[in-house]
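Everything below concerns the one structure shown next.
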Amino acid sequence: MTTVKSAVKTDVLQHQEMKTIVGRAHQYLKAGYPVHFTGPTGVGKTTLALAVAKKMKRPVMLMHGHQDLSNEDLIGAFSGYSSSKEVDNYIRRVYRHEEQVTENWSNGRLLEAVENGYTLVYDEFTRSLPSANNLFLSILEEGILPLYGRKEKRPFVRVHPRFSVIFTSNPEEYAGVYETQSALLDRLITLPIGYADEETEAAIVSSKTGVTEDQAKDISAIVAALRKACQKNNTQAPSLRATMMIATIVYEEEIEVVGDNDEFQQLCIDILAPSVMKCLEKEDFEKAKEMVVAECKKKEKG
């Protein structure tokens with residue numbers, strides 16, 4: 003059976019709206035402009051970015067943002083020393099010994115992509131400190147990458163003419179996300195990505211997990227209702243991944259999608275309640291469970 007992860011990726015790209023977005027983003031990249039996909043978790047931003055990158059027909063470099071990302075990670079760093087020795091004792095009484103020590107440099111992912119004209123997918127770039135992302139201002143504005151920390155004469159490298167970059171990010175209200183400098187955002191074409199509508203999500207779930215259309219609609223309706231409640235508070239909501247998880251287990255374990263089925267209720271609680279709890283003004287797991295059960299009970303036997 004298809005895994006949850008691959009099922010989500012496959013169907014996102016089959017959705018007509020997503021196909022249109024991929025086409026537009028590809029046009030912008032070909033014109034020389036970086037693209038930025040932003041939206042809540044679980045809507046397929048990374049999948050879209052990789053699909054667009056593939057259309058560029060260049061090697062793809064994937065890089066993930068995180069708070070410890072530094073210039074060394076992006077540009078490179080010295081990784082140690084290597085030495086070579088030469089001993090000449092060919093003539094008796096004459097002994098010559100030469101030793102050379104050189105520093106070893108390892109290119110960072112950004113430098114490698116810039117020099118070779120790769121398509122860079124910078125996933126969740128707002129999880130990196132803004133200071134680390136300042137390098138992109140020089141890349142996008144002047145077409146150069148400064149070489150901080152390298153012991154050589156050239157202070158920068160020219161950006162390869164085939165280099166392109168796609169950014170993805172979550173909204174600023176998400177935990178672990180930093181506010182991005184406006185100077186960088188001003189240089190990106192930002193495309194907001196949202197959740198699929200309930201009908202489309204149900205079609206995805208049914209086609210990829212094996213549950214019936216009615217079961218898929220009921221599961222999607224439960225998740226959609228809880229998602230709507232979370233979005234009112236601008237917090238992370240249950241995603242398509244959660245819907246796929248519930249449907250996959252329902253199918254494999256032959257669980258009845260019935261509102262008063264204790265097994266179905268417990269499955270929904272286990273998968274949905276933790277994220278719903280974070281939507282409440284005061285994190286209360288019991289309240290989250292009540293909300294999940296209330297939505298489950300609205301569903302009758304199909």
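Here the sequence shown is numbered in our numbering, starting from 3 and rising by one per residue.
Virtual Cβ for every residue (Gly too), placed ideally from N, Cα, C.
Original post:
Can you list, in chain order, the stretches of the alpha helix (DSSP H) that have 4 or more residues and sit fully within the segment 190–237?
Top reply: 200–211, 215–233
Original post:
With burial defined as no fewer than 16 other Cβ atoms inside 10 Å of the residue's Cβ, what is the status of glutamate 203: buried or exposed?
Top reply: buried
**OP:** Kindly give me the distance between the Cβ atoms of leucine 149 and serine 140, rounded to whole angstroms, as I take these residues to be in contact under 8 Å.
**Re:** So it is not a contact: roughly 11 Å between Cβ atoms.
**OP:** Kindly indicate which three-state DSSP category isoleucine 125 falls into: helix, strand or coil?
**Re:** Checking the displayed sequence, the identity of residue 125 turns out to be aspartate instead of isoleucine. Residue state, collapsed to three classes: strand.
**OP:** Would you please state the rounded distance, in angstroms, between the beta carbons of isoleucine 224 and cysteine 270? I believe it to be under 8 Å.
**Re:** 6 Å
**OP:** Rank Gln69, Ser209, Val207, Leu76 by C-alpha distance to the C-alpha of phenylalanine 138 and give the top, closest one.
**Re:** Leu76
**OP:** Would you be able to state if there are at least three C-beta pairs under 8 Å between the segment 157–176 and the segment 218–232?
**Re:** no
Subject >> Simplified DSSP state of proline 163, which is helix, strand or coil >> reply: coil
Subject >> Option nearest threonine 211 by Cα separation, candidates Ala51, Ile191, Tyr253 >> reply: Tyr253
Original post:
Would you say alanine 249 and valine 213 are within 7 Å of each other, going by their C-beta atoms?
Top reply: yes
Original post:
Which two residues bound the contiguous beta strand (DSSP E) that contains valine 37?
Top reply: 37–40
**OP:** Would you kindly check if the distance between the Cβ of phenylalanine 169 and the Cβ of tyrosine 120 is under 7 Å?
**Re:** no
Original post:
Given alanine 185, which residues of its chain have a CB within under 8 Å of its CB, disregarding the five upstream and five downstream residues?
Top reply: Leu139
Original post:
In terms of residues, what are the limits of the beta strand (DSSP E) holding proline 148?
Top reply: 146–148
Original post:
When the distance is taken between beta carbons, is methionine 65 closer than 7 Å to arginine 111?
Top reply: yes
Subject >> Simplified DSSP assignment, three categories, for threonine 43 >> reply: coil
Original post:
Assuming glycine 67 contacts phenylalanine 127 under a Cβ cut-off of 8 Å, what Cβ separation, rounded to an integer in Å, is found between them?
Top reply: 4 Å
Original post:
For proline 194, is the classification buried or exposed, using 16 other Cβ atoms within 10 angstroms of its Cβ as the cut-off for buried?
Top reply: exposed
Original post:
Taking just the CA atoms, how far does methionine 247 sit from valine 6?
Top reply: Because valine 6 sits at a pLDDT of 39, beneath the cut-off of 50, its placement in the model cannot be relied upon, and the following sentence gives the value as read from the coordinates. Computed Cα separation, rounded: 7 Å.
**OP:** Round the Cβ separation of serine 241 and valine 24 to the nearest angstrom and send it over; I've been treating them as touching at under 8 Å.
**Re:** No, serine 241 and valine 24 are not in contact; Cβ-Cβ is about 20 Å, not under 8 Å.
Subject >> Straight-line gap, proline 36 to lysine 291 (C-alpha atoms, nearest Å) >> reply: 43 Å
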